[in-house]
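J.: Chains as they are written, first to last, in the numbering used here: chain A, 430 to 1184; chain B, 9 to 423.
Where a beta carbon is used, it is the ideal one built from N, C-alpha and C, also for glycine.
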Amino acid sequence: MLNKQKAISELVSEWMSDPEMRESIRHHRVVEGKEARYAPFPERLHASIRKALESRGISRLYTHQREAFDLAFSGKSFTAVTPTASGKSLCYHLPVLQSVLEDRSSRALYLFPTKALAQDQMADLHRLIEESGEEILSHTYDGDTSPGIRQKVRKSGHIIMTNPDMLHSGILPHHTKWVSLFENLKYIVIDELHTYKGVFGSHVSHVLRRLIRIARYYGSDPVVICTSATIANPKELAESLANRQMELIADNGAPAGKKHFIFYNPPVVHPTFGIRRSAVLEVRDLARRLYQENIQTIVFAKSRVRVEMLVTYMKEMTKKKLSDTTIRGYRGGYLPSERREIEKGLRNGDIKTVVSTNALELGVDIGQLQACIMTGYPGNIASAWQQAGRAGRRQDEALIIYVAQSLPLDQYVIDHPEYLFGQSPEEARIHPDNILILMDHLKCASFELPFTLDEQYGEFDVQELLAFLASEGILVQAGDKWHWMSERFPASEISLRSASQENVIIIDKSVPRDTTVIGEMDRYSAMTLLHEEAIYIHQGTQYQVEELDWEEKKAYVRKVDVDYFTDANLAVELKVIAEDECEERNGHTESFGDIAVLAMPTIFKKIRFDTHDNIGSGPITLPAEEMHTSSAWLSFERPADWTESDLTDTMTGAAYAMHSFIPLFVSCDRSDIHVVPQVKAVHTKRPTIFVYDSYPGGIGLSKRIHGMWPDLLEQTAGHVEHCPCESGCPVCIGAQESGGNIKRRVAELLRKLAG
Amino acid sequence: MSYENRLMQMKKMLKKAPAEKVKETAFKKPPVPAYSERWEAAGLERIGNQFGTVFLKRTHYPADTVHGGLALGLLEEAASVWSGSDGVHPFSEGDEKKLLFFDTETTGLKGTGSLIFMAGLLSTDGEDFILDQYVLADPAHETAFLFETGLWKPGHTLVTYNGKSFDWPQLQTRWTMNRQHLPKLPDPAHIDLLQGTRRVWKGGLDSFSLKSVEEEVLGFHREDDVPGFLAPIIYNDAVRSGNPDLLLRVLRHNEWDLLSLVTLFTKLTTLLMKENQEETPLPHTNIGKWFGDLKAYEKSREVLEEVTNVFFDETDEAYYYLGFLLKKEKRYEDAESAFLQAYKGGLDEGKTLQALEELAKLQEHRLGKLSEAEMNCLRAAGLLKNMKALKPVRKKRWQERFETRLARVRRKQGK
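As structure tokens, this is what we get:
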């Protein structure tokens, strides 16, 4: 190598003393490393496993691996919290392999959130088995499994590695083909537990209830092993997901090196609107510096497009070298062989910089890098730590740079590093009680195995629901069972990831022979942003929507260059169906219950840039969207000296600010929740702010908000007050048309409601 | 009110229960369905066994019964052909006394929630043909139904249409669901006529649904048939309402399926084992290729040579396959002339290129005709330019192959 590598700490102090860099570096924190803690191999550990481990230079276990082994062999289900690269897979491989070696009929089912992850782990497990010299059949079972070996995997696979979707529609409804698996199922392993949250997690919780029901039918009672990244409630999540008691292994024995965290805020380039220099460009410059210092770096970007942009920028540095492969992108959509090649290049050091989407957040084995750059806040603490965990070789120091974008959450985090370092990462929540999700899976469970007249499903007493399905003509009661009596195959009608499937795909057909998908948008937002004739702005380019195929959820757009943008009116009607809870506090009322949301776009206006003149309008013809969901709402008296128009503007600003903050509190995506202000709500007859779940039936988010209004309001107020803009900007209360005192009023209102 | 609205109303009914204990399931004989008398009145026989109730319709057919263009009784002669064969061919399991023609009707296409509600079994006692159609009394009586079919008894050869992918796996699934009470299901010999039909009429039929095969090959036309996709709805309705009227039409549908299986078996066997009798060379060419794939090369060559002797047109494919057989027998000059004949005809693009390559290979490596090999490479390159059906990837691959060969052949000639 040409240039000698600087130590991370040397580099950091160099940056800190550079006046220009110093300006943008808002914080520098150091997290000290820790020593490894070991435990001896368990006595019963099979000689072949010992041999395999020793051939890897492992002569003892980390304490958490040993604890996992002991719990598994005392028949207890458990959840191990393990950061990246802490030897987490041995927490489940060891007990599983041991049980197979003690009894060759033993079977285990591994569940990974995606197909790609299962395939990665298969390679790793195969190596371990090979080193042990034993004949243990482990294989992935998913859409890519070749028909030729499916039967062998079903009949004699000791370890089946799959994903929840395949389990849901490819394994459980065909359980008679898997008799030897279900009769001998000793372990269910759930890797990356923290990814099972929200609607997806709620669906998966039911897939697991169905799995356990089938296992019991065949007479087995498997131990459930989960591994999770750091979240606030791993035990609770696992218990709710698997519907059983869990032990928790929170104390990790793996060593860690010292970590430098740098919080980097791009300089302000437009003070009035609070606009900062593009985070992507800053990241490019930082990554270049690290490349020149010969420091192996991973750069995280939020979208595939950004990954490609950054790779292109970075490669300009090396374009004079022939076929340089030291800088690579890594994202979904690459071929498996290409990904294997990149992973290998990272492990052996051939690749110096990799730019990735969150695909590399999960447990793909790429070894440990020296530095990590996050382009923007990844959305939740668990992800941030997962990404940061990619940097840090055992003894070496590591550098983690967080570069903020001009978004509310990003700016909040840059000002509050304690949010990341504090003791309370967000919780991951699921809501198996969602009646719509529950009914979907009750159908699947009925299809798989008829319910008896006294049987329950998971923790639910479902006899009345089964009678309802019979009245719908889906089941028929014959003898002492509810039999499936429909030609349909329910699992194929139910998608575990339905929330995202409802999105509208945006297709650019500017070049007729080369139409490309440029993005997607949730259905609700699409009504006002992707209606026909709307001007849709993507990566700074204007597109006009030529056709919105609402049935197929596709919007066809074409590049245009016009001097206006469009703004649509959405008429949202909220109707409270049932008010389940209601509390008075400081003169305002906090309620929780079920609501019906009827949303219908009405007209759109064309508005000229700069002057904001209205230069035309047109109708939007889309069907109204009706949804029943759960909601938390807060109603209050109008402050005496405020006009109705003051109140409207203030509530709109407050709702905007709150909406940005809710994901911080309840660990969800921005699009999982809606905030609607009403100056005079029908139900309360007073000014009211509604917060409701974007998913039919609710997924427990607004339920959580109901219990934390004061916290939410106070934090939001603090952020608005703290924002350096003059009178409101996209980072706090949304861009305001004119000056005025809306920003002050928003803070005032939030403070007052916080009490 | 929509489905979702009604569910939201039911949210209040959702109750949780304490953890459940695992129960032992002892077999309890289900009660006779309330509608039994109506089903009996419609002509179904009610049978009770130790597991419950099942309905049966039994029909006798004399051997001279004609279905489509063929009498059922011709089966005997057809099947006897196979007992003397060498056992290579998948149909050689045939022995008409043991043949059990089998077809099911189900409530769904896959998974443990779709039931077999009707099993039709047709066999012969050497004189008459007997069709037994078992009907599931209701889902609670599945054990009784499966047991009564007798499919657990060994010693027969199943004949089905698409049964290897559908009927038999479905039966295995149902058997597994009831396995604690039933005798073990054996794995009998199984002839799937769909596979044979596909091989023999490949390129000659647009659809291989049994209905199309009946019309195109067997000369049988159904009247007033219930389409198969309605069968599940009809059965579900018969159980809910107790009214079996429409169900009887599903029984007739199943009956036609089974009768067609018998004549199709006869038809295929005669084609396979006897001289040419079809008006077009296609089925015979396909049969010749089939024997080749089964490594019965001599039989294959016999059939293909017969095609080239009897027919004048559309013999290109027969010559094409014959070329490979002759090459295998090291009769290189004969192979060359077969491929020449094949190439002159109307082969599809892929086969045309393959034939030219085979010619060039023979001429280059075996016959020392380098300039002719060169000619054929050039000919292929010329044809390739105008080929439309080939995928671009394959086209490119072919181009490269011929370029490489051309270069080598030229080098060998000192060019």
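Mind checking who cysteine 801/A pairs with in its DSSP beta bridge?
T.: Ile727/A and Ile829/A
J.: How far does the alpha helix (DSSP H) with leucine 384/B in it reach, from first residue to last?
T.: The residue asked about is misnamed: residue 384/B is asparagine in this sequence, not leucine. Unbroken alpha helix (DSSP H) run through asparagine 384/B: 378 to 393.
J.: Is glutamate 1037/A helix, strand or coil by DSSP?
T.: Note that residue 1037/A corresponds to arginine in the displayed sequence, not to glutamate. Arginine 1037/A: strand per DSSP, three-state reduction.
J.: Looking at C-alpha atoms only, which residue of Ala436/A, Arg757/A, Val1105/A and Ile588/A is the closest neighbour of leucine 1191/A?
T.: Absent from the structure is residue 1191/A, since the part of chain A shown begins at 430 and ends at 1184.
J.: With 7 Å as the C-beta to C-beta threshold (strictly closer), list the residues of the stretch 601 to 631 of chain A near chain B in chain order.
T.: Listed by position, the residues of the stretch 601 to 631 of chain A near chain B (Cβ gap below 7 Å) are Pro602, His603, His604, Thr605 and Val608.
J.: Give the range of the beta strand (DSSP E) segment to which leucine 1011/A is assigned.
T.: For clarity, residue 1011/A is cysteine in the given sequence; the question names leucine instead. That run of the beta strand (DSSP E) goes 993 to 1014.
J.: Of the residues Ala683/A, Ser707/A and Lys687/A, which one's Cα is nearest the Cα of asparagine 694/A?
T.: Ser707/A
J.: Check whether the Cβ atoms of glutamate 612/A and tyrosine 647/A lie closer than 7 Å to each other.
T.: Taking 7 Å as the cut-off, the beta carbon of glutamate 612/A is found closer than this to the beta carbon of tyrosine 647/A.
J.: Within 6 Å: the Cβ of tyrosine 720/A and any heavy atom of the ligand NAD?
T.: As presented, the structure is devoid of all ligands, the ligand NAD included, so that no description of it is given.
J.: Is it a yes or a no for the stretch 1118 to 1131 of chain A touching the stretch 1054 to 1064 of chain A, going by three-plus beta-carbon pairs under 8 Å?
T.: Yes, they touch.
J.: Which of the three DSSP states is assigned to isoleucine 565/A in this structure?
T.: coil
J.: Chain B beta carbons: is any one of them nearer than 7 Å to that of glutamate 981/A?
T.: no
J.: In this structure, does DSSP put tryptophan 814/A in helix, strand or coil?
T.: helix
J.: Quick check: the Cα distance between glutamate 325/B and threonine 360/B, rounded to an integer number of angstroms?
T.: Near 10 Å, if we compare the C-alpha coordinates of threonine 360/B and glutamate 325/B.
J.: Which chain A residues sit within Cβ distance under 8 Å of asparagine 13/B?
T.: His1057
J.: Can the beta-carbon of tyrosine 1124/A be found less than 7 Å from the beta-carbon of valine 628/A?
T.: yes
J.: Counting only runs that start and end within the stretch 664 to 707 of chain A, where is the alpha helix (DSSP H) found for 4 or more residues in a row?
T.: none
J.: Counting beta carbon pairs with one atom in the stretch 266 to 281 of chain B and one in the stretch 75 to 87 of chain B, are three or more of them shorter than 8 Å?
T.: yes
J.: Could you have a look at serine 575/A and say whether DSSP puts it in helix, strand or coil?
T.: coil
J.: Using a Cβ-Cβ cut-off of less than 8 Å, give me the residues of the stretch 906 to 923 of chain A that come near chain B, in sequence order.
T.: For the stretch 906 to 923 of chain A, which is checked against every Cβ of chain B, the residues closer than 8 Å are Ala907, Gly908, Asp909, Lys910, His912, Trp913, Met914, Ser915, Glu916, Arg917, Phe918, Pro919 and Ala920.
J.: For a contact meaning CB atoms closer than 9 Å, what does glutamine 1165/A contact in chain B?
T.: What glutamine 1165/A touches in chain B: nothing, since even the nearest Cβ is about 39 Å away.
J.: Please state whether DSSP places histidine 632/A in a helix, a strand or coil.
T.: helix
J.: Whole angstroms are fine: how far does the CA of phenylalanine 918/A sit from the CA of leucine 144/B?
T.: Roughly 20 Å separates the two Cα atoms.
J.: Return yes when the Cβ of glycine 76/B is within less than 7 Å of the Cβ of leucine 226/B, no when it is not.
T.: Yes; because the gap between Cβ atoms is below 7 Å, this pair is in contact.
J.: Beta-carbon of phenylalanine 1021/A versus every beta-carbon of chain B: anything under 7 Å?
T.: no
J.: Closest by CA to arginine 713/A, which one among Val459/A, Val698/A and Met743/A?
T.: Minimum Cα distance to arginine 713/A is reached at Met743/A.
J.: May I have the straight-line CA-CA distance separating isoleucine 1102/A from serine 1131/A, to the nearest angstrom?
T.: 8 Å
J.: Give a yes or no on whether the minimum CB-CB distance between glutamine 885/A and chain B is below 7 Å.
T.: yes
J.: Measuring CB to CB, does arginine 987/A end up less than 7 Å from serine 939/A?
T.: yes
J.: Which residue's Cα is closest to the Cα of proline 1048/A: Ser534/A, Ile660/A, His960/A and His1088/A?
T.: Measuring from the Cα of proline 1048/A, the nearest candidate turns out to be His960/A.
J.: Counting contacts by CB-CB distance shorter than 7 Å, is aspartate 951/A in contact with chain B?
T.: no
J.: I think tryptophan 406/B touches leucine 392/B, with their Cβ atoms under 8 Å apart; what is that distance to the nearest whole Å?
T.: Contact between tryptophan 406/B and leucine 392/B holds: CB atoms are separated by about 6 Å, below the 8 Å threshold.
J.: Given this structure, state the Cα-to-Cα distance separating glutamate 286/B from alanine 343/B, to the nearest angstrom.
T.: 26 Å
J.: Identify whether histidine 164/B lies in helix, strand or coil by the three-state DSSP scheme.
T.: coil
J.: Would aspartate 890/A pass as an interface residue toward chain B - the criterion being a Cβ-Cβ separation below 7 Å?
T.: yes
J.: Counting only beta-carbon atoms, is glutamine 930/A nearer than 7 Å to chain B?
T.: For glutamine 930/A, the pLDDT reaches just 45, beneath the cut-off of 50, and the residue's location in the model is therefore unreliable, although a value from the coordinates is still provided. Glutamine 930/A does not count as touching chain B.
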